[in-house]
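Report on one structure; see the data block that follows.
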Amino acid sequence: MLFSPNMPYWLAAGTADGTVNIYHLDGTKPATLKGRRNRLASAGVNRSILGIGFSQEGQHLATANADSTIELWQREPTRGGHRSGVPTPNYTRTQTLKGHQGEVFAVCFSPDRQRIATASADETIKIWRLEGSLIKTIKGLTGAVFGLSFMPDGKLLASAGADNTVKLWHPDGVCLRTFQGHESVVYSVSFSPDGKKLVSGSRDGTIKLWLRDSAWGRNGRVLTFTGHQNAVFQVRFSPTGAVIASASADRTVKLWGLDGSLINTLHHENLVYAVSFSPDAAFLATASEDKTIKIWSHQGKLLKTFSLPCPVYCLDFLRE
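Sequential numbering of the sequence shown, starting at 50, is according to this note's numbering.
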């Protein structure tokens with residue numbers, strides 16, 4: 050199928066075998082970052098990449114790893130490697146952050162590119178400087194922390210956890226609010242582009258929309274979206290804020306309006322772990338246990354399938 054986007058769409062995907070693949074959406078795979086190594090001496094070390102994220106301008110890439118580390122990559126100056134006039138982004142590993150005592154499930158850059166937040170099975174959130182030094186360890190959580198999202202202005206951080214809640218934090222470690230309502234583990238949370246709303250996805254199969262500063266009852270919950278038949282692993286707002294995408298263990302990705310209406314259902318052959326919108330909201334990428342990445346139009350039309358040798362756990366678009 051012909052698919053030739055006019056913009057330099059780049060997509061990074063983290064896989065079960067510990068590699069990061071960077072794709073251009075014309076179908077080429079110009080870069081494979083192989084930096085993963087066994088970091089623990091015990092038997093059965095898991096090298097999978099569980100979370101991935103670009104910094105706001107794409108100069109940095111971070112991976113959250115099952116061996117309890119975070120790896121930071123920096124973009125190299127462009128030199129050759131062009132395809133159809135589009136520079137190929139190459140990244141060099143600059144740091145391996147150590148300090149978590151369990152799998153690292155999520156990583157995200159602050160909008161000002163000065164901080165990195167990480168979430169772990171060790172029941173902590175850590176805030177790091179870009180050069181790798183630890184700023185703060187947020188403790189006192191009950192259970193693993195699976196998801197993180199910075200508010201667009203960087204002033205607040207939201208977390209999704211095994212205690213069935215979404216929590217809102219000041220980056221200095223003060224918990225400002227706890228959103229309750231899910232009946233099981235919350236795997237993912239995402240701020241809306243205007244920072245006024247949050248969306249969460251849970252093992253209970255539901256998606257919940259929350260008002261960040263709601264002073265009225267129901268704990269800020271606006272809507273509960275139902276329709277998935279199994280756990281919801283990831284939720285994302287579109288860049289316009291008008292659509293929510295959810296990736297589920299029921300082998301589907303669903304697109305929703307903010308009123309809870311179901312817009313479309315997209316299908317994989319196995320569990321769907323991750324979903325990401327392109328920066329202009331024209332495309333959607335999904336990652337699955339079925340060892341594929343699928344690229345869809347915003348209307349839900351399948352445009353391209355990338356096949357890999359192992360499951361794909363996470364992905365993110367480069368924002369240029």
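The beta-carbon is built from N, C-alpha and C at its ideal position, and this holds for glycine as well.
Can you tell me which of the options puts its alpha carbon nearest to the alpha carbon of residue i?
i, options, result
"residue 105", "152, 97 and 165", "165"
"residue 228", "320, 240 and 213", "213"
"residue 196", "185, 179, 101 and 182", "101"
"residue 340", "327, 107 and 70", "70"
"residue 315", "365, 276 and 239", "276"
"residue 291", "304, 281 and 300", "304"
"residue 151", "330, 115 and 236", "115"
Can you name the start and end residues of the beta strand (DSSP E) that residue i belongs to?
i, result
"residue 114", "109 to 114"
"residue 73", "69 to 73"
"residue 63", "59 to 64"
"residue 234", "Taken as a continuous stretch (DSSP letters only), residue 234 belongs to no beta strand (DSSP E), as it is neither H nor E."
"residue 185", "183 to 187"
"residue 313", "311 to 316"
Using the Cα positions of residue i and residue j, report the straight-line distance between them to the nearest angstrom.
i, j, result
"residue 220", "residue 210", "17 Å"
"residue 62", "residue 361", "7 Å"
"residue 177", "residue 288", "26 Å"
"residue 323", "residue 336", "5 Å"
"residue 355", "residue 343", "6 Å"
"residue 129", "residue 138", "Low confidence applies to residue 129: its pLDDT is 47, below 50, so where it sits in the model is not reliable, and the reading given next is rough at best. Their Cα atoms are separated by approximately 10 Å."
"residue 159", "residue 318", "34 Å"
"residue 188", "residue 142", "28 Å"
"residue 283", "residue 298", "10 Å"
"residue 175", "residue 126", "30 Å"
"residue 84", "residue 118", "Confidence is the limiting factor: at residue 84 the pLDDT is only 39, short of 50, which leaves the residue's position unreliable, though a coordinate-based value still follows. Residue 84 and residue 118: Cα-Cα distance of roughly 12 Å."
"residue 185", "residue 148", "11 Å"
"residue 239", "residue 364", "15 Å"
"residue 278", "residue 107", "35 Å"
"residue 86", "residue 153", "Its pLDDT being 28, under 50, residue 86 is placed unreliably by the model, and the measurement read from it follows with that caveat. Residue 86 and residue 153: Cα-Cα distance of roughly 15 Å."
"residue 66", "residue 113", "13 Å"
"residue 53", "residue 74", "Since pLDDT at residue 53 reaches only 38, below the 50 mark, its modelled position is unreliable, and no value is offered."
With DSSP as the reference, please indicate the residues paired to residue i in a beta bridge.
i, result
"residue 258", "248 and 272"
"residue 347", "In DSSP, residue 347 forms no bridge with anything."
"residue 178", "164"
"residue 362", "Its beta-bridge partners do not exist; DSSP assigns none."
"residue 293", "286 and 305"
"residue 102", "111"
"residue 120", "112 and 145"
With a floor of 3 residues, list each beta strand (DSSP E) that falls wholly inside the stretch 201 to 228, ordered by position along the chain.
Counting whole runs of 3 or more residues, the stretch 201 to 228 contains the beta strand (DSSP E) stretches 206 to 210 and 214 to 218.
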